[in-house]
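Just below is one structure, and these are the notes that go with it.
Structure, rendered in structure tokens:
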């Protein structure tokens, strides 16, 4: 995992979405690096410096109307703003982020309700972002709830999404909705959707029937997005731990040259793998270790703290541990 993340450490540049394609992976890399030992300090510092640069570039695309758009021009784009909120919220776990900016942007997105239990979808969209109503509404609701919006402000939109899910066969929408209802505290609806998703999981761990996404992906990228979202939903309920395991293995195996397909597929895959890692990891604590070869201690105890990042240096075993010896830590 460290090697894959290392390949993602690149200089951020371009429009909002292009900058996010490097800065969001940097964000997830920092989350991973700061919870694991043995990561080279220079690698952590390089990632941090580039993330700082990316953050400064991203906030430069804040529109006058307080949404986000590819080049910072009014009007802000609803789904892209939702993506930005998710990014800034994750980034705040590893660096300082202007919380006032997040609150104002979230308020702008909340104000984009269309009066018919959904959200407006302005025509101006660049790259492959699509105007699919169900994908857009579910994605915006997920971003709002993930970043702290109270579900009581979204009653009509949540009810509308529940109705849409009863008719939808797109597992991307179902997975987004499962996350939404888990965050909203509607555990019964969340579980119903998780069960539907479990029935659509293929033997290799990927999701079937992922027919469209917020960015109009296709092929392996689309499959990866749907699979990652399903895994994130299942992580809310231990009953689906087996489904999570299969999905995470599929996502890990799909990594190519440090990426998982499109920007959205890469971000969602990293989000899933990092969250899975957090669930599985033990609480870090101070400690010490010592090598024992054939029952005999080798060298002194090596102490480490819960904040240690560097690799631990152990005694040279070339002479102390001949072939067929029993080694213990």
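Residue numbers (my numbering): 160 to 488. Heads up, the beta-carbon is just placed ideally off N, CA and C, and yes, glycines get one too.
Residue state for residue 474 is assigned as coil, using DSSP reduced to three classes.
Nearest to residue 366 by alpha-carbon distance, out of 229, 402, 309, is 402. Leaving aside the five residues that flank residue 399 on each side, the residues in its chain whose CB is nearer than 6 Å to its CB run, in chain order, 353, 393. The segment 236-252 makes contact with the segment 218-228, as at least three CB pairs between them are under 8 Å. For secondary structure counted as the alpha helix (DSSP H) over 4 or more consecutive residues, the segment 287-331 holds these complete runs in sequence order: 292-305, 314-326.
By the 16-neighbour rule on beta-carbons within 10 angstroms, residue 184 is buried.
With fewer than three CB-CB distances shorter than 8 Å, the segment 423-431 does not count as touching the segment 443-452. Checking the DSSP bridge columns, you'll see residue 457 partnered with 450. Residue 221 sits in a strand when the DSSP states are folded into three classes.
Taking 8 Å as the cut-off, the Cβ atoms of residue 267 and residue 240 count as close. Of all C-beta pairs linking the segment 356-375 to the segment 313-324, fewer than three are shorter than 8 Å, placing the two stretches out of contact. A residue is called buried once 16 or more other Cβ atoms fall within 10 Å of its Cβ, and residue 460, having fewer, is exposed. For the pair residue 420 and residue 276, the Cα-to-Cα distance works out to about 33 Å.
The C-beta distance from residue 343 to residue 317 rounds to 6 Å, short enough to fall under 8 Å. Counting along the chain, the unbroken alpha helix (DSSP H) around residue 355 starts and ends at 346-359.
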